[in-house]
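Asker: Just add 14 to the spot in the sequence shown (first one is 1) and you have the numbering used here.
Each residue gets a CB set at the ideal place from its N, CA and C atoms; glycine is no exception.
For clarity, every value in this text was computed on a predicted model and none was experimentally measured.
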Amino acid sequence: MRQVKFLDLPGQYRKMKHEMDQKLHEIIDKGAFVGGAYPAEFEAAFAEYTMTKACVGTGNGTDALEAALWGMNLPEGSEVVIPANTFIATAEAVVRNGLKVVFCDCLEDYTISPESLESVITPNTSCVIPVHLYGQPAWMDKIMEIACKHGLKVLEDSAQSHGAEYNGERTGSMGDAGAFSFYPGKNLGAYGDGGAVVTKDEDMASRIRQYIDHGRTSKFYHDFQGRNSRLDGLQAGVLSVKLKYLDEWIGARNRIAGIYLDKLKGTDAVLPVVREGVRHVWHLFVIRHERRDVLREYLTEKGIQTGIHYPVALPKQPAFKADGCEDFFACRTDKELLSLPMGEHLTAEEAEYVADCIKSFGG
Ligand SMILES: *Cc1c(COP(=O)(O)O)cnc(C)c1O
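Here you go:
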């Protein structure tokens, strides 16, 4: 039977095998495993790509969020607002900094609701983390306006939005800082864990760089107690090779999304809402369906791999058990979410097959 893959990293590697192998051999040959030219090369390229001034590579995206929050010097114990529908890392970064997580709702396009954000702000709120979920930028002009009015810092969780744009500005460049993940399955993924903080504030960037490298000034001299979370040489090399293809892959993702949006019109599936003036990068193509689990089973039988992002909204997880979020759109609809195969590995014909199968499911 035919198989439609959710993700195909080995296939992606095969298409750039020669170039990638050469790069990796070069790095191993030079023993450039930690620090040095390769992370620096990638950081410069990624700062430019994100339209910021500085990029600090980290060990993963969760640490990038944590280090960026640390760099903002928020008052101890103050409140940081995050949307209810996100990956747990957004919340962990808050808790690890001794700050308090406050959830707000998301809009029907799954990004943070400005109205809900404003409703949970207290005198103790110090920061908001909009998440550019599924690859669509959050409603940034509204969020920046609210942040400005209440004196909040803004950290963009850009783990799913490499290259996404809001009114021509790249995600990660609009708030005080942006945090990216290069987890292998992300639109720009390493061959292991990786992450980065980007910002236009070069002073903050150098403090963060010191923080993620033991607070050191030189090898065994330390200004303060930091931690160890660096982007290593091999991962940086992989990312430098892949970054050149990112825009082409974003184009391919948009073509696949176009096919889904077109062919799934008029079915029982609730389609993703694309806001005006954005460059969506379609990290995930998420539909909603009342009989989500049965549909998912049906697609599996048709050889189509799917995912769920995320099956239980964060406020409902045992890790948080946050009260007062029961009525959130995010908390009511999590059982309907279904992520379809998405990526540059898909052919137009495969996307049509996926759409046809959803139609034939009684749509
Ligand atoms: C992947 C992801 C992260 C965390 O990145 P890791 O590299 O896995 O630590 C944070 N936030 C969101 C929204 C993500 O999707």
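Does DSSP put residue 193 in a helix, in a strand, or in coil?
Answerer: strand
Asker: In this structure, how does DSSP classify residue 236 when only helix, strand and coil are distinguished?
Answerer: strand
Asker: Between the alpha carbons of residue 120 and residue 357, how many angstroms are there, rounded?
Answerer: Approximately 25 Å, taken between the alpha carbons.
Asker: Please report the residue range of the alpha helix (DSSP H) in which residue 108 lies.
Answerer: Annotation: the continuous alpha helix (DSSP H) that includes residue 108 extends over 103-110.
Asker: Rounding to the nearest angstrom, what Cα-Cα distance links residue 377 and residue 327 in this structure?
Answerer: Note that residue 377 scores a pLDDT of 48, beneath 50, so its modelled location is shaky and nothing firm can be said.
Asker: Is the CB-CB distance between residue 309 and residue 360 below 8 Å?
Answerer: no
Asker: Thinking C-beta only, is residue 348 closer than 8 Å to residue 367?
Answerer: No, these two residues do not count as a Cβ contact at 8 Å.
Asker: How many Å lie between residue 17 and residue 332 at the Cα?
Answerer: Residue 17 and residue 332 have their C-alpha atoms spaced approximately 35 Å apart.
Asker: Can you tell me whether residue 306 is buried or exposed, with buried defined as 16 or more other CB within 10 angstroms of its CB?
Answerer: It is buried - the Cβ of residue 306 has at least 16 other Cβ atoms within 10 Å.
Asker: Quick check on DSSP: helix, strand or coil for residue 345?
Answerer: helix
Asker: Below 8 Å, how does it come out for the stretch 247-260 and the stretch 53-60: are there three or more Cβ pairs, yes or no?
Answerer: Three or more Cβ pairs closer than 8 Å define a contact, and the stretch 247-260 meets that threshold against the stretch 53-60.
Asker: Should residue 34 and residue 255 be called a contact, given that it needs their Cβ atoms to be closer than 8 Å?
Answerer: yes
Asker: Are the stretch 178-187 and the stretch 218-227 touching, with three or more C-beta to C-beta distances below 8 Å?
Answerer: no
Asker: Given a threshold of 16 other Cβ atoms within 10 Å of its Cβ, counted over all protein chains shown, does residue 76 qualify as buried or as exposed?
Answerer: buried
Asker: Here's the rule: buried if 16 or more other CB atoms are within 10 angstroms of the residue's CB, otherwise exposed. What is residue 15?
Answerer: exposed
Asker: When the Cβ atoms of the stretch 264-279 are set against those of the stretch 151-158, are three or more pairs found closer than 8 Å?
Answerer: As far as the Cβ criterion goes, the stretch 264-279 does not touch the stretch 151-158, which means the pair count is below three.
Asker: Shortest alpha-carbon distance to residue 65 belongs to which of 211, 314 and 344?
Answerer: 211
Asker: Could you give the C-beta distance for residue 109 and residue 134, rounded to a whole number, given that I count them as a contact under 8 Å?
Answerer: Incorrect: roughly 17 Å between the Cβ atoms, too far for contact.
Asker: Between residue 201 and residue 295, how many whole angstroms is the CB-CB distance? I'm expecting something under 8 Å.
Answerer: The distance from the Cβ of residue 201 to that of residue 295 is about 6 Å, consistent with a contact at the 8 Å cut-off.
Asker: With DSSP as the reference, please indicate the residues paired to residue 70 in a beta bridge.
Answerer: Paired residues: 211.
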